[in-house]
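Numbering (this note's numbering), first residue to last: 117 to 709. Each residue gets a CB set at the ideal place from its N, CA and C atoms; glycine is no exception.
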């Protein structure tokens, strides 16, 4: 075997092993997402004034799984619309990392961004690690109840007084475990696959028997039918219409026991869904249909109206806490929706200060973990001073001044959170690229100064025409991969891949093969054409160089991705689009070999 063939074989083997290893490592990083700089857990920030009466004594949150906002608002819903005092938020977004159920459950319950709670996917196992409404209710002497998917119980079961969990959210055999936290043996009964009617029945029973302080009712049929038949299908609309009637029944139970007028009612969703022809509905990506969710509230001191400003799902928990008179969950990333609350300036000042104190603690925790305390000490001191001024103004009964100072303190803390995040990202990327550049330089040095290395390089550059053909063909190959991917209208989205997973594998293999064949045929054609003028080129040598140069370009592309995005899903990712593109490149490298 000639040295050229050995080199080509070694390069292709290295590409195969490298891409396979990086793909496995990236998958583990993706599935085991971790943020080493999360501010969770943050110490609790007590209310500056506990002598404040709650505006509501009870809260019920209805979560309509997979309900996208346009379907919610376009569908006639007599049960919900029987009440004309809703505060209607029309531009609310769920988590981008990722727009899936378990992530949404965490954000709704806690107000914590998924990058901080690190519950980003449905693969998360174990209890929720951040502070939440469930904790807040128990801290304040309340009781909690839940009816719906067992996923909620896995996350928050330790804080549920009364629980009815359905152990399978998707079609098939299912089991219901009743009052699993009551201390006795769970009662288990078989139930139908589609269980919203039973969810409603159990919810009514819990209201009549216990009147829990905080209750979450999770309806799943809109997600199930959306996945199976599409989010805009007749079956899904009918499922939502049934959910509307169930909401009416449960609210009637609140009225029967005499607590509806003192109950905050929230109707929302964990995520939306994107419709794919002949593939039903999917989510997980950043499409507007997957991200935009409904949010309506009614209850004591809730000002009805349509609110069009952009908000996030993480504002639900802080708002519930404020209406209930609780301190905001300490890890909450979101803000109280003050615009819909008929609060006095004193009440608003209490929660503006509470929110500012939490944000300051979160910023201090973040910069300490990152090792940036001294760098951001002036900004933290300024925020601390503004918060102290807010507390002083509150004590002096200067509530409007207290609000202004608290807003200033929170704004400065938010600036620290944002700047420290950006600084750490830049620092990590710079270090990784520095390592790559040094490694590349050392590798080049070894090649140049190895036995025969300089002569081989000299020979290569002396055959400039052959080198130009090789590089041109390699670049053509990579351009074709990008062009074919664009022409197929492929999207690097979790929603899209969930709908077209097998098509994705086919696309990778077909794109790689077609691009390679076109580039190879072009190389042959150019070589043959040029041979007429400069003499015959060594085609085998040119082909070997094409393969070796392509491997080098592959590794440069891969190292660039890794430089910016680590091995799979970096802690600073805002969505998974770049990660999916990186995995695509790795797969094309495997198919190339």
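Cα-Cα separation, residue i to residue j
| i | j | result |
| --- | --- | --- |
| residue 58 | residue 368 | The structure shown does not extend to residue 58, since the chain spans only 117 to 709, so no value can be given for it. |
| residue 693 | residue 469 | 37 Å |
| residue 454 | residue 430 | 14 Å |
| residue 451 | residue 125 | 58 Å |
| residue 150 | residue 583 | 44 Å |
| residue 61 | residue 611 | The first residue shown for the chain is 117 and the last is 709, placing residue 61 beyond what the model contains. |
| residue 505 | residue 523 | 11 Å |
| residue 562 | residue 659 | 24 Å |
| residue 350 | residue 606 | 28 Å |
| residue 159 | residue 483 | 15 Å |
| residue 496 | residue 552 | 35 Å |
| residue 632 | residue 638 | 10 Å |
| residue 378 | residue 370 | 10 Å |
| residue 277 | residue 623 | 50 Å |
| residue 164 | residue 235 | 31 Å |
| residue 298 | residue 380 | Because residue 298 sits at a pLDDT of 37, beneath the cut-off of 50, its placement in the model cannot be relied upon, and the following sentence gives the value as read from the coordinates. Going from the Cα of residue 298 to the Cα of residue 380 covers about 26 Å. |
| residue 613 | residue 426 | 28 Å |
| residue 135 | residue 128 | 11 Å |
| residue 200 | residue 382 | 14 Å |
| residue 285 | residue 352 | Its pLDDT being 39, under 50, residue 285 is placed unreliably in this model, and the coordinates cannot settle the point. |
Cut-off 7 Å between Cβ atoms - residues of its own chain near residue i, not counting five sequence neighbours on either side
| i | result |
| --- | --- |
| residue 475 | 526, 529 and 530 |
| residue 96 | A query on residue 96 cannot be resolved here, the shown segment of the chain reaching from 117 to 709 and no further. |
| residue 695 | 146, 681, 684, 685 and 689 |
| residue 594 | 669 |
| residue 274 | 243 |
| residue 541 | 688 |
| residue 675 | 552 |
| residue 154 | 232 and 234 |
Pair within 7 Å by beta-carbon distance, residue i and residue j
| i | j | result |
| --- | --- | --- |
| residue 402 | residue 691 | yes |
| residue 341 | residue 355 | yes |
| residue 590 | residue 666 | yes |
| residue 162 | residue 440 | no |
| residue 260 | residue 328 | yes |
| residue 480 | residue 533 | no |
| residue 203 | residue 418 | yes |
| residue 677 | residue 628 | no |
| residue 548 | residue 684 | no |
| residue 263 | residue 447 | no |
| residue 585 | residue 642 | yes |
| residue 225 | residue 399 | no |
| residue 670 | residue 131 | yes |
| residue 265 | residue 246 | no |
| residue 209 | residue 407 | yes |
| residue 634 | residue 596 | yes |
| residue 348 | residue 391 | yes |
| residue 188 | residue 333 | no |
| residue 253 | residue 269 | no |
| residue 465 | residue 519 | yes |
| residue 436 | residue 175 | yes |
| residue 180 | residue 359 | yes |
| residue 206 | residue 424 | yes |
| residue 521 | residue 511 | no |
Residue i, buried or exposed, once every other Cβ within 10 Å from all chains shown has been counted against 16
| i | result |
| --- | --- |
| residue 705 | buried |
| residue 415 | buried |
| residue 681 | buried |
| residue 538 | exposed |
| residue 487 | exposed |
| residue 410 | buried |
| residue 338 | buried |
| residue 471 | buried |
| residue 138 | buried |
| residue 443 | buried |
| residue 289 | Summary for residue 289: the model assigns pLDDT 33, below 50, so the residue's position carries little reliability; its value from the coordinates is reported in the next sentence. Exposed: under 16 other Cβ atoms inside 10 Å. |
| residue 192 | exposed |
| residue 460 | exposed |
| residue 271 | buried |
| residue 184 | buried |
| residue 560 | exposed |
Residues of its chain near residue i, where Cβ-Cβ distance is below 6 Å and the 5 sequence neighbours each way are ignored
| i | result |
| --- | --- |
| residue 467 | 438 and 452 |
| residue 499 | 476, 525, 528 and 529 |
| residue 535 | none |
Rounded Cβ spacing between residue i and residue j (contact assumed at less than 8 Å)
| i | j | result |
| --- | --- | --- |
| residue 219 | residue 237 | 7 Å |
| residue 72 | residue 700 | Since the displayed the chain opens at 117 and closes at 709, residue 72 lies outside it and no answer follows. |
| residue 387 | residue 182 | 6 Å |
Chain B contact for residue i (CB, 7 Å cutoff)
| i | result |
| --- | --- |
| residue 250 | Any reference to chain B falls outside this structure, which holds one protein chain only. |
Contact test: residue i Cβ vs the ligand ADP heavy atom, cutoff 6 Å
| i | result |
| --- | --- |
| residue 218 | In the structure shown, the ligand ADP is absent, as is every other ligand, since no ligand is present at all. |
Other residues of its chain near residue i: CB distance less than 8 Å, five sequence neighbours each side excluded
| i | result |
| --- | --- |
| residue 251 | 275 and 445 |
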